[in-house]
Amino acid sequence: MKKFLWLWLIATLTVLAWGFHLAIFVAPTEATMGNIQRIFYYHVPSAIMGMVFPYVNLIGSLGYLYLRRNNPLRALAMDALALAAAEVTLVFVSIGLVTGMLWAKPAWGIWWTWDERLTTYLLLWLLYVSYMLVRRFSSTGQTYTLAAVISIFAGIDVPIVYMSIRWWRTQHPSPVFFGGPDAGLDPSMVPAFVWNILGWTMWGVFILVLRYGLERRRQQVQQQIANSALDAGLEGNA
Amino acid sequence: MNFFWTTLHHLRKDLKLEWRSRDAVNAMLFFALLVVVIFSFAFDPTAAVSRQIAGGILWVALVFAAVTALNQAWARELHNQVLDAQRMSPSPAAALFLGKVLANFLFVTFIEIVLAPLFIIFYNLHVLGNGWLLLLVLPLGTWALVVNGTFFAALGLRTRNRELLLPLVLFPISLPALLAMVQATTAILTGEADPGLWIQMLAGYDIIFTTVGLLLFEVVLHAE
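Sequences listed follow chains A and B, in order.
Counting with the numbering used here, you get residues 38 to 275 for the letters of the first sequence.
Counting with the numbering used here, you get residues 35 to 258 for the letters of the second sequence.
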């Protein structure tokens, strides 16, 4: 397992290095935005990852709630998955927001606009911050259940948020958003984009697995402590 | 039928408790009034433009007032281990939740009834759109706040920093509802836009989150 992780890390770094090479040196300079556009190769993969990992979090949470009665040990593993996914989500969404702002300042002249996509994305970030807060604040025994419930609420909330912001913003035409790279990607830019998205997906999975392993070990240590306390109590009685 | 009677029982109990102490309603009322006064420092409340922001202020006042009361909503059940008794009782947990939501809904509605004339006096408001639509927007918005607020207050009951946690969880989840409430109220006050879409959205939000709350409340109540 350890060997596999190392191999995976080396492969990830290689892909990322190749992606960097393609994005910075090989891909042609964009006509209107110039070199600023190159942040696109990092912004879009992070943004996409930030929208994929919430599903992993939701799956982990649903799995926890489903298993917690009849298979508590398996349920704990699901919770570790949910936690790892939530943290990776936060990292990617934060990177997506920051790189987006870095791009927006030279391209639009402003750091931020309350456009439909930006607002939705910010709300996604807020939801996951509150998820992490619940995990921090709740007492150890209930953290898993409460966090899973919050995750389900967030999962239901996200589509509603998306629709509501769309209605809000279609009523007021947004002034600064032009089609952007969505309008189509020049074929010469595609390799840089594809390699970067592959690299960052591998990186995300790597971090997820590491964080999952860490959380599993924390859970095991906690269980050992609880077990030894139980044993000590039994010996004391005997 | 059993569910209905249990809900009614919980509602009656909460109303009776509130009637004897009047803690929540008094606190909410005074708090909302303070917010209204403080906002008048920030801008000229009698100016014509204030109509544009009055909807936002009304809801901010109500939201903060509701949170102060919701934090206390379950604290009553903690005295003398009442909540543990509720957990052991065979009656449906969702009925306890629904009764609590209904009680809080009535409290916040009462605040709105008292606050509305004050708002009109202090902010020199007269409604330019269909005023009667407010009778639809206010209950729907209140329900959205109260149903999620009661749920998250129960969720945070045994956490550290309970009173801090409620707004931190409630506001992010309620943001679409808050957006709809403010937009609908502003549309009605200014008469410039059609609030229909926002009212539908609020109704949808209410239905969805009431269902989710009723389904998941048992999980939260027995979270150990």
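Even glycine gets a Cβ: it sits at the ideal position worked out from N, Cα and C.
In this text, all values refer to a predicted model and were calculated from it rather than measured experimentally.
Asked                                                                                                                          : Found
Rounded C-alpha distance that separates Tyr157/B from Ser84/B                                                                  : 8 Å
Leu164/A at chain B interface by Cβ criterion, 8 Å                                                                             : yes
Inter-stretch contact (C-beta, 8 Å, three-pair minimum) for the segment 37–55 of chain B and the segment 108–126 of chain B    : yes
Beta-carbon gap between Ile145/B and Met62/B smaller than 8 Å                                                                  : yes
Within chain A, partners of Asn36/B - CB distance below 7 Å                                                                    : Chain A residues near Asn36/B: none, gap ~24 Å exceeds 7 Å.
Trp232/B Cβ short of 7 Å to the ligand ADP heavy atom set                                                                      : Here there are no bound small molecules, and the ligand ADP is not part of this structure.
Start and end residues, alpha helix (DSSP H) containing Ala141/A                                                               : Pro109 to Trp145
Buried versus exposed, by CB contacts within 10 Å (16 or more), Arg75/A                                                        : buried
Residue of Thr40/B, Trp53/B and Val180/B minimising C-alpha distance to Leu275/B                                               : Residue 275/B lies beyond the stretch modelled for chain B, which goes from 35 to 258, so this question has no answer here.
Of the listed residues Leu245/A, Trp43/A, Tyr168/A and Val81/A, nearest to Ala60/A (C-alpha basis)                             : Val81/A
Cβ contact (3+ pairs, closer than 8 Å) linking the segment 179–197 of chain A and the segment 145–153 of chain A               : no
Beta-carbon contacts of Gly241/A that lie in its chain and below 6 Å, excluding the five residues immediately before and after : Met86 and Val125
Buried or exposed by the 16-neighbour rule on C-beta atoms within 10 Å, applied to Leu92/B                                     : buried
Proximity to Arg255/A [Cα-Cα], best of Leu170/A, Leu120/A and Ile96/A                                                          : Leu120/A
Cβ neighbour criterion (16 or more within 10 Å) applied to Ile147/B                                                            : exposed
Chain-ordered chain A contacts of Asn195/B [CB-CB under 8 Å]                                                                   : Phe174
Own chain partners of Ile202/A with C-beta closer than 7 Å, once the 5 adjacent residues on each side are dropped              : Glu153, Thr156 and Thr157
Closer than 8 Å to chain B by CB, Phe41/A                                                                                      : no
Reduced DSSP secondary structure (H/G/I, E/B, other) of His44/B                                                                : helix
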